[in-house]
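Structure first, then comments.
Protein chains in written order, with our numbering: chain Z, 19 to 287; chain R, 160 to 417.
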């Protein structure tokens, strides 16, 4: 039996700053892997916390809709507006819907949505769990016969992993609407013509890779936010640090994953 | 050395032997031995950072000892698997220093949570009755729909105790029950601890550095000094000792209880 929030810590003898930094990095990686392993072990074994997963899906998904709608719409509209002069110089404004759909579906919707959700939901997870940790609410949950990892971590990670692809699809559609409004006001293109042209270059692989990518982004945000919050220490200062670190690390990882997935999809394509 | 309780026929509910725990190379508990019998109320005194809270966290399975054994109702806590530990924890109530109420839940939800989680088939009416009963016991029925942030420190402590009582524990672990409270509220909490001991027939382990709390709530008192317990005794006899750490602790409380 181990304590719920216990991490592997090695107390080194006299060491240089560099070797301590290397040790800390590898210990950090080990602890994160252990945390992920525990998520799969506890999240997919009964009893399932269905009610709490639904609550978290509502919290992550529904409550993010206004922000995702606004950013998605503006992204589509602004990208269209900025792309027009370049295409117009070649007399190719009719390509705008195709260009926008490729950009939005392949990259912008997953990336922008994931970054926004990392900022909104990831920081919230870090702060909420961090606050629960430093005020002993996680311990209280454990001694009252509830597995806090299953109840707090597994449910949040699952919810954001399920909900981010939904938000990405929604954001993509809203982004395309923003683009359509801009194209329609400038070129008087009809709704049908716009979307017919827009979806012409989009393949099944684009949709699948976008959804899979957002699933991975969601998992990354959930694990990072929960890990930082669950291991917060040193009072309120630790809570702030957990929230901040959760966002920064999640954003860096999202960009790294984006780069790797794009490479992989291009090989498949 | 196991404590002499003066009543060897009583059932030992908590038995600790050679318990050791250290953090970052610093030994906090350094060979703790004690027996706590059913119905006994033991206060553990000690300065801040001497490992008093660590002790009750090990008893409740929140921390793992480095060595030694902790048996609760004859079961070795750190050898139990999770389901067995959770079953055992239903018999142990833990009142946290800062109450540890769930901020996102109302008082009612805070109290319902352990009950619903441990008895999933319980009926709604039984849950409501249990919540109202424990809130009445702690005198805070009127706060049932309030959020923890709306409560005073003393009310939070009471609700924290009520949350542990809802599972009708046989052992109560109190971590600094009067810390941060004014003297009058502290006396109210002490009275509540006594009330709980009588009405719920609990065995109590009270971690405190408040002598008033120790004197009014405990049958026996001990002190954690350099990672070990001093021999237990009742309050008056314990402070007759000429041990320097006991004298210092007593003198610095500025109050003569004799």
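Note that beta-carbon positions come from the ideal geometry of N, C-alpha and C, so glycine has one too.
Here the structure is a predicted model, which is why all the values come from computation and not from measurement.
Residue-level contact to chain Z via CB, residue 415 of chain R, 7 Å cutoff = As a working note, residue 415 of chain R is residue 256 in the second chain. For residue 415 of chain R, the predicted structure reports a pLDDT of 48, less than 50, and the residue's modelled location is therefore unreliable. The matter cannot be settled from this model.
Can you give me, in chain order, the residues of the stretch 148 to 177 of chain Z that have a beta carbon less than 9 Å from any beta carbon in chain R?
-> Here the close residues are 149, 150, 153, 154, 155, 156, 157, 158, 159, 160, 161, 162, 163, 164, 165 and 169.
Check whether the Cβ atoms of residue 60 of chain Z and residue 168 of chain Z sit closer than 7 Å, and answer yes or no.
-> Translated into the one-based positions of the first chain, residue 60 of chain Z becomes position 42. Translated into the one-based positions of the first chain, residue 168 of chain Z becomes position 150. Here residue 60 of chain Z is near residue 168 of chain Z, since their CB atoms are less than 7 Å apart.
Could you say which of Z/73, Z/79, Z/103 and Z/161 lies nearest to residue 248 of chain R if we only look at CA atoms?
-> Stepping through the second chain from its first residue, residue 248 of chain R is reached at position 89. Nearest of Z/73, Z/79, Z/103 and Z/161 to residue 248 of chain R, Cα basis: Z/161.
Considering only residues of the stretch 334 to 401 of chain R, which uninterrupted beta strand (DSSP E) runs meet the minimum length of 3 residues and lie entirely inside it, listed in chain order?
-> The qualifying runs are 362 to 366 and 379 to 384.
Does the Cβ of residue 332 of chain R have 16 or more other Cβ atoms within 10 Å, making it buried, or fewer, making it exposed?
-> Position 173 of the second chain, counted from the start, is the residue given in the question as residue 332 of chain R. With a threshold of 16 other beta carbon atoms within 10 Å, residue 332 of chain R meets it and is buried.
Check each candidate in Z/121, Z/279, Z/280 and Z/170 and name the one with the smallest Cα separation from residue 217 of chain Z.
-> As a working mapping, residue 217 of chain Z is identified with position 199 in the first chain. The shortest Cα separation from residue 217 of chain Z among Z/121, Z/279, Z/280 and Z/170 belongs to Z/121.
Element boundaries [alpha helix (DSSP H), containing residue 315 of chain R] = The residue given as residue 315 of chain R occupies position 156 in the second chain. Element bounds for residue 315 of chain R: 312 to 324.
Per-residue DSSP class, three states only, for residue 81 of chain Z | Here residue 81 of chain Z is taken as the residue at index 63 of the first chain, counted from 1. Three-state result, residue 81 of chain Z: helix.
Tell whether a beta-carbon distance below 7 Å holds between residue 178 of chain R and residue 386 of chain R.
-> To locate residue 178 of chain R, count along the second chain from 1; it is residue 19. To locate residue 386 of chain R, count along the second chain from 1; it is residue 227. Taking 7 Å as the cut-off, the Cβ atoms of residue 178 of chain R and residue 386 of chain R do not count as close.
How far does the beta strand (DSSP E) with residue 191 of chain R in it reach, from first residue to last?
-> Translated into positions along the second chain, residue 191 of chain R becomes position 32. Residue 191 of chain R -> beta strand (DSSP E) spans 185 to 196.
Residue span of the beta strand (DSSP E) that contains residue 228 of chain R, given as start and end | As a working mapping, residue 228 of chain R is identified with position 69 in the second chain. Per DSSP, the unbroken beta strand (DSSP E) holding residue 228 of chain R starts and ends at 226 to 231.
Within its chain, find whatever has a CB closer than 7 Å to the CB of residue 255 of chain R; leave out the 5 residues flanking it on each side and keep chain order.
-> Here residue 255 of chain R refers to the residue found at position 96 when the second chain is read from its first residue. Short of 7 Å from the beta carbon of residue 255 of chain R, and not among the five residues preceding or following it, lie these beta carbons of its own chain, in chain order: 319 and 334.
In DSSP terms, what residue 228 of chain Z is bridged to | By one-based count along the first chain, residue 228 of chain Z stands at place 210. Per DSSP, none; premise fails for residue 228 of chain Z.
Among the residues of its own chain, which have a CB less than 8 Å from the CB of residue 175 of chain Z, if the five just before and after it don't count?
-> Walking along the first chain from the start, residue 175 of chain Z turns up at place 157. If we look at residue 175 of chain Z and ignore the five residues flanking it on each side, its Cβ neighbours are 57, 61, 237, 240, 241 and 244.
Decide if the stretch 223 to 242 of chain R is in contact with the stretch 255 to 264 of chain R; the criterion is three or more beta carbon pairs, one per stretch, under 8 Å apart.
-> The answer is no - the stretch 255 to 264 of chain R does not touch the stretch 223 to 242 of chain R, with fewer than three Cβ pairs under 8 Å.
Output the distance between the C-alpha atoms of residue 164 of chain Z and residue 343 of chain R, rounded to the nearest integer angstrom.
-> In the first chain, residue 164 of chain Z corresponds to position 146, counting from 1. In the second chain, residue 343 of chain R corresponds to position 184, counting from 1. Take the alpha-carbon of residue 164 of chain Z and the one of residue 343 of chain R: they are about 34 Å apart.
Using CA coordinates, which residue listed in Z/49, Z/50 and Z/111 is at the minimum distance from residue 212 of chain Z?
-> Translated into the one-based positions of the first chain, residue 212 of chain Z becomes position 194. Comparing Cα-Cα distances from residue 212 of chain Z to each of Z/49, Z/50 and Z/111, the minimum goes to Z/111.
To the nearest angstrom, how far is it from the Cα of residue 90 of chain Z to the Cα of residue 182 of chain Z?
-> Your numbering for residue 90 of chain Z matches position 72 in the first chain. Your numbering for residue 182 of chain Z matches position 164 in the first chain. Cα-Cα distance, rounded: 14 Å.
What's the call for residue 106 of chain R, buried or exposed, on a 16-neighbour Cβ count within 10 Å?
-> This structure gives no information on residue 106 of chain R, because the portion of chain R shown stretches from 160 to 417.
Kindly indicate the opening and closing residues of the alpha helix (DSSP H) around residue 404 of chain R.
-> The residue given as residue 404 of chain R occupies position 245 in the second chain. Here the alpha helix (DSSP H) through residue 404 of chain R covers 403 to 410.
Helix, strand or coil: how does DSSP classify residue 174 of chain R here?
-> In the second chain, residue 174 of chain R corresponds to position 15, counting from 1. Three-state result, residue 174 of chain R: strand.
Residue 287 of chain Z to residue 78 of chain Z, Cα distance in whole Å?
-> Against the first chain, residue 287 of chain Z aligns to sequence position 269. Against the first chain, residue 78 of chain Z aligns to sequence position 60. When rounded, the separation of the alpha-carbon atoms in residue 287 of chain Z and residue 78 of chain Z is 33 Å.
What residues are listed by DSSP as bridge partners for residue 203 of chain R?
-> Position 44 of the second chain, counting from 1, holds the residue named residue 203 of chain R. For residue 203 of chain R, which the question treats as bridged, DSSP gives the partners R/366 and R/381.
4 or more residues per run - each alpha helix (DSSP H) lying fully within the stretch 186 to 240 of chain Z | The alpha helix (DSSP H) runs lying completely inside the stretch 186 to 240 of chain Z and spanning 4 residues or more are 209 to 217, given in chain order.
Pick from R/252, R/200, R/407 and R/190: whose alpha carbon is nearest that of residue 328 of chain R?
-> Translated into positions along the second chain, residue 328 of chain R becomes position 169. Closest by alpha carbon: R/252.
Would you please verify whether the beta carbon of residue 19 of chain Z is less than 7 Å from any beta carbon of chain R?
-> The sequence position of residue 19 of chain Z within the first chain is 1, counting from 1. Since pLDDT at residue 19 of chain Z reaches only 38, below the 50 mark, its modelled position is unreliable, and the value read off the structure follows with that caveat. Closer than 7 Å: yes.
Within the chosen definition, does the stretch 187 to 207 of chain Z reach the stretch 124 to 143 of chain Z through at least 3 CB pairs nearer than 8 Å?
-> With the cut-off at 8 Å, the stretch 187 to 207 of chain Z and the stretch 124 to 143 of chain Z touch.
Flag this pair as touching only if the stretch 347 to 364 of chain R and the stretch 384 to 404 of chain R have three or more C-beta atom pairs under 8 Å; answer yes or no.
-> Between the stretch 347 to 364 of chain R and the stretch 384 to 404 of chain R there are fewer than three C-beta pairs closer than 8 Å, too few to call the two in contact.
DSSP three-state assignment for residue 97 of chain Z, whether helix, strand or coil = Translated into positions along the first chain, residue 97 of chain Z becomes position 79. Residue 97 of chain Z falls in the helix class under three-state DSSP.
Residues of chain Z with a CB under 8 Å from the CB of residue 175 of chain R: which are they?
-> Locating residue 175 of chain R in the second chain gives position 16, where the first residue counts as 1. Under the 8 Å cutoff, chain Z gives no residues; its nearest Cβ is about 17 Å from residue 175 of chain R.
Within 7 Å of chain Z by C-beta, residues of the stretch 384 to 404 of chain R in sequence order | Result list empty, no residue passes.
Residue nearest to residue 299 of chain R in terms of C-alpha spacing, selected from R/322, R/191 and R/330 | The residue you call residue 299 of chain R lines up with position 140 of the second chain. Cα-wise, what sits closest to residue 299 of chain R is R/322.
Own chain, CB closer than 7 Å to residue 383 of chain R, minus 5 neighbours either side, in chain order | Position 224 of the second chain, counted from the start, is the residue given in the question as residue 383 of chain R. Excluding sequence neighbours, residue 383 of chain R sits near 203, 205, 209, 210 and 211.
From residue 231 of chain Z to residue 373 of chain R, what does the alpha carbon distance come to, in whole angstroms?
-> Taking the first residue of the first chain as 1, we reach residue 231 of chain Z at position 213. Taking the first residue of the second chain as 1, we reach residue 373 of chain R at position 214. Whole-angstrom Cα-Cα distance: 59 Å.
Report yes or no: do three or more beta-carbon pairs, one from the stretch 264 to 273 of chain Z and one from the stretch 182 to 196 of chain R, lie closer than 8 Å?
-> Verdict: no, contact absent.
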